[in-house]
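Sequence order for the protein chains is A and B. Our numbering puts the first residue of the first sequence at 72, with every later residue one more than the last. Our numbering puts the first residue of the second sequence at 239, with every later residue one more than the last.
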Amino acid sequence: MTHLPFIASAYALGILMPVAFALDAMRRVGTARRRLATIDPREQSRRNQDSK
Amino acid sequence: MHRFANPGQFLRLSGAVLPWLTGAALVLTALGLGWGLFLAPADWQQGDAVRIMYVHVPAAWLASSGYVALAACSVLSLVWRHPLADLAAAEIGPVGAGFTALCLATGSLWGKPMWGAWWVWDARLTSVLVLFFLYLGHIALVRAFDDPTRGYRAGAILALIGVVNLPIIKFSVDWWNTLHQPASISLTGAPTMYIGMLWPLLLAAFGYTLAFAAIVLARTRAAVMERRIRILLMARASSDAARETAS
Chain A
72 MTHLPFIASA YALGILMPVA FALDAMRRVG TARRRLATID PREQSRRNQD SK
Chain B
239 MHRFANPGQF LRLSGAVLPW LTGAALVLTA LGLGWGLFLA PADWQQGDAV RIMYVHVPAA
299 WLASSGYVAL AACSVLSLVW RHPLADLAAA EIGPVGAGFT ALCLATGSLW GKPMWGAWWV
359 WDARLTSVLV LFFLYLGHIA LVRAFDDPTR GYRAGAILAL IGVVNLPIIK FSVDWWNTLH
419 QPASISLTGA PTMYIGMLWP LLLAAFGYTL AFAAIVLART RAAVMERRIR ILLMARASSD
479 AARETAS
């Protein structure tokens with residue numbers, strides 16, 4: 072394959088960048104959900120209903 | 239539309255849609271990139287370097303279409319003052335900037351072996367760089383005020399002014415003599431690209447588009463919950479202060 076370092080770098084960026092954004096979004100959603108569960112009674116009861 | 243834009247309804251709907259969207263994005267992007275990297279033919283002139291197209295072109299499309307989404311949210315924010323549009327615009331900004339950076343970086347990686355230069359001040363490249371700075375300006379402006387509402391308004395105005403750059407990006411290769419090649423795919427005419435290259439490109443572009451949507455949806459879900467946390471904490475703090483004053 073010609074120009075392999077250029078191709079490999081482009082594909083690495085093309086995979087890593089969206090994955091980094093996705094992981095950051097998942098972390099934010101998880102943190103927000105946990106914090107909301109501790110301070111919002113409605114969220115706590117909704118979680119209890121979901122787990123039943 | 240207002241019914242679906244209600245924050246509670248949005249959290250329920252997006253929670254149901256997000257796993258499917260993420261799954262479809264993963265499958266389509268993997269198929270498109272895998273096909274482009276291993277099965278699609280090399281170009282007779284560019285050799286295997288043409289495979290960078292399967293990352294670069296979807297990133298370029300999303301850089302522009304992400305900005306269209308940002309402008310649409312800005313209109314919703316300025317006209318209807320909808321808080322969900324403000325949050326969505328604030329979350330589209332960094333993702334759009336990321337895809338624009340990806341477009342510029344992969345373009346540079348494609349340009350070096352083909353043109354012999356990492357960067358040229360060509361009309362297409364320069365107008366995309368301006369788009370990147372518009373995204374950065376939007377991110378900075380949204381966060382520049384103590385009152386978030388003022389930041390959202392200022393960001394929305396900047397986003398709408400920046401829309402003028404989108405036709406410049408699109409038609410730069412027609413209006414000026416550029417090193418960058420003209421479009422191979424258009425809505426009105428037949429593609430000038432070999433079908434064996436077109437299919438993986440369309441798959442990768444569709445996969446990346448779904449990934450962009452899934453990331454923005456997840457970030458907006460987080461922003462809605464973070465906003466609710468702030469409101470609850472402020473309400474709790476003010477009720478505590480009122481109780482202390484009364485006692």
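Ideal placement from N, C-alpha and C gives every residue a C-beta, glycine not left out.
Looking only at DSSP bridge pairs, what is residue i linked to?
i, result
"B:SER281", "Correcting the residue identity first, residue 281 of chain B is Asp in this sequence and not Ser. Partner(s): B:GLY285."
Residue i: which of the options sits nearest, CA to CA?
i, options, result
"B:THR338", "B:VAL380, B:VAL293, B:LEU322", "B:VAL293"
"A:TYR82", "B:ALA262, B:GLY272, B:ALA263, B:ASP478", "B:GLY272"
"B:THR289", "B:GLY349, B:GLU329, B:LEU259, B:ARG459", "According to the sequence provided, residue 289 of chain B is Arg. The question's Thr does not apply to it. Nearest of B:GLY349, B:GLU329, B:LEU259, B:ARG459 to B:ARG289, Cα basis: B:GLY349."
"B:ALA310", "B:HIS418, B:TRP413, B:ILE399, B:MET431", "B:ILE399"
"B:SER410", "B:THR387, B:LEU363, B:TRP437, B:GLY375", "B:LEU363"
"B:ILE330", "B:VAL255, B:ILE453, B:LEU347", "B:ILE453"
"B:LEU441", "B:LEU322, B:ASP385, B:LEU367, B:LEU264", "B:LEU264"
"A:LEU107", "B:ARG474, B:ALA484, B:ILE467, B:ASP478", "B:ILE467"
"B:SER302", "B:VAL401, B:GLY270, B:SER422, B:TYR432", "B:VAL401"
"B:LEU439", "B:ASP385, B:ALA298, B:LYS408, B:TYR390", "B:ALA298"
"B:GLY270", "B:MET291, B:MET472, B:LEU374", "B:MET291"
"B:ALA382", "B:ALA328, B:LEU322, B:LYS408, B:ALA355", "B:ALA328"
"B:ILE395", "B:TYR373, B:ASP412, B:ALA355", "B:TYR373"
"B:PHE371", "B:PRO332, B:GLY354, B:MET352", "B:PRO332"
"B:ALA262", "B:ALA449, B:SER485, B:ALA326", "B:ALA449"
"B:TYR432", "B:GLY274, B:SER312, B:GLN247, B:ALA254", "B:GLY274"
"B:TRP252", "B:ALA326, B:ALA473, B:THR387", "Checking the sequence, you will find Ser at residue 252 of chain B rather than Trp. The residue with the shortest Cα to Cα distance from B:SER252 is B:ALA326."
"B:HIS320", "B:THR387, B:LEU436, B:ASP412", "B:THR387"
"B:GLY393", "B:SER312, B:TRP437, B:ALA355", "B:SER312"
"B:LEU436", "B:ASP281, B:ALA254, B:GLN247", "B:ASP281"
Is it true that the CB of residue j sits closer than 8 Å to the CB of residue i?
i, j, result
"B:LEU308", "B:GLY334", "yes"
"B:THR267", "B:GLY434", "no"
"B:PRO296", "B:VAL462", "no"
"B:SER365", "B:TRP357", "no"
"B:ALA397", "B:HIS418", "no"
"B:ARG457", "A:ARG105", "no"
"B:ALA287", "A:ILE78", "yes"
"B:LEU379", "B:TYR305", "no"
"B:ALA451", "B:LEU259", "yes"
"B:ARG465", "B:LEU249", "no"
"A:PHE92", "B:GLY285", "no"
"B:ALA361", "B:TRP414", "yes"
"B:LEU277", "A:ASP111", "no"
"B:SER422", "B:THR430", "yes"
"B:LEU256", "A:MET88", "no"
"B:TYR390", "B:ASP324", "yes"
"B:LEU455", "B:ILE407", "no"
"B:THR447", "B:LEU300", "yes"
"B:PRO351", "A:HIS74", "yes"
For the ligand GDP, I want to know if residue i counts as a neighbour, meaning its beta carbon is within less than 7 Å of at least one of the ligand's heavy atoms.
i, result
"B:VAL313", "Among the components modelled here there is no ligand, and therefore nothing to report on the ligand GDP."
Determine which residues of the region 365-394 of chain B have a Cβ less than 8 Å from any Cβ of chain A, and write them out in chain order. none
By the 8 Å beta-carbon criterion, what residues does the region 345-361 of chain B contribute toward chain A? LEU347, TRP348, LYS350, PRO351
Against chain B, which members of the region 84-103 of chain A pass a CB distance test of less than 7 Å? LEU84, GLY85, MET88, PRO89, PHE92, ALA93, ALA96, MET97, ARG99, VAL100, ALA103
What are the residues of the region 453-464 of chain B that lie near chain A, defined by any Cβ-Cβ distance shorter than 7 Å? ILE453, ALA456, ARG457, ARG459, ALA460, MET463, GLU464
Relative to chain A, which residues along the region 314-331 of chain B have a C-beta separation below 7 Å, given in chain order? none
Any residues in the region 269-293 of chain B with a beta carbon nearer than 7 Å to a beta carbon of chain A? Which ones, in chain order? LEU271, LEU275, GLY285, ASP286, ALA287, ARG289, ILE290, VAL293
Continuous alpha helix (DSSP H) assignments of at least 4 residues falling wholly in the region 289-346 of chain B: 291-318
For the region 419-481 of chain B, which segments carrying the beta strand (DSSP E) assignment without a break, of at least 3 residues, lie completely within its bounds, in sequence order? none
Alpha helix (DSSP H) runs contained entirely in the region 352-433 of chain B, provided each spans 4 or more residues: 361-380, 386-400, 403-413
Curious, which full-length beta strand (DSSP E) runs of at least 3 residues does the region 246-276 of chain B contain? none
In the region 73-84 of chain A, which residues sit with their C-beta less than 8 Å from some C-beta in chain B, listed in chain order? THR73, HIS74, LEU75, PHE77, ILE78, SER80, ALA81, TYR82, LEU84
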